[in-house]
Each structure stands twice: as C-alpha cells, then as structure tokens.
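In the working numbering, the protein residues as written are -9 to 110.
Note that CB positions come from ideal geometry on N, CA and C, so glycine has one too.
A quick write-up on the structure given underneath.
Structure representation (structure tokens):
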C-alpha cells in the first residue's frame, strides 16, 4: 500500500448548520483507512453540536478559537493548542463560545464516522 494524500479543498463539506461544517479527510472511503479516521470541523460563533454518544474513542485538537465541550455533567473550556480525549460511550457536545471560528481536528479509532446516537 502506498502513502495517500488528500487536500482539504477537495473534500465535500458536511453542513452542520449556521455556517458550520465538517470535512472527513482520511477515512475508509477517501483513502482506505482500516482502523482510524481524521476530520476537521469549523463552528461559527454561537453554534455547536447536539449532545451525542460515540461507540469509539475521540481525540480532538483545537486549531483556532475558544469553546466548550460538555461531557456528561462537566463543561470543559477549550482553546487553540489544546488536545481533548473523549472516551467511548461518553455523552458530549461542542459549542463555540468565542467571537471567531472554532476550528478543530478530530480522530476516531474507526475507519469512518463511528456508530453514534444523538443523546437527549
């Protein structure tokens, strides 16, 4: 197998609402990963995700901005340069609390977006 490269601009956006988006860069579909996937998301100020529970671990790295990751009963403030580990099965959501875009890279130990349920 040879090294494969993708460019952010060549990957289709996933609309997250409110001008926010995600792009799944390295996945089973794009490059044939077998055990992991890597993606980027950008949240506009005041936007975020509904609470969710993934069946796989998630790793996040904040590239730009500030926000909050709500995990179970805890609110974790995040900003540029921080890395976050979210164990599988933990209810969580992301919100941009700043005045600029909140950009992050995220990785799952699964070859595509993992089985997920939206939490209440």
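Asked, Found
"Spatial neighbours of residue 62 in its chain, beta-carbon cut-off 8 Å, leaving aside the 5 residues before and after", "80, 81, 82"
"For residue 13 and residue 47, the rounded distance between their alpha carbons", "19 Å"
"Rounded distance between the beta-carbons of residue 58 and residue 34, thought under 8 Å", "Not confirmed; about 15 Å, so no contact."
"Nonlocal neighbours in the same chain, by C-beta distance under 8 Å from residue -2, ignoring five residues either side", "13, 15, 30"
"Cutoff 6 Å; reference residue -4; Cβ partners in own chain excluding five residues on either side", "15, 20"
"Residue 60 versus residue 98 - alpha carbon distance", "18 Å"
"Alpha-carbon spacing of residue 24 relative to residue 64, whole angstroms", "32 Å"
"Residue burial classification, residue 0 (beta-carbon count within 10 angstroms, cutoff 16)", "exposed"
"Spatially closest choice to residue 9 from 71, 17, 38, by CA coordinates", "38"
"Contacting residues, own chain, Cβ-Cβ under 8 Å from residue 11 (five flanking each side not counted)", "3, 4, 5, 31, 32"
"Cβ distance (whole Å) where residue 18 is taken to contact residue 101 below 8 Å", "4 Å"
"Beta-carbon proximity list for residue 88, same chain, < 7 Å, skipping 5 on both sides", "35, 55, 56, 57"
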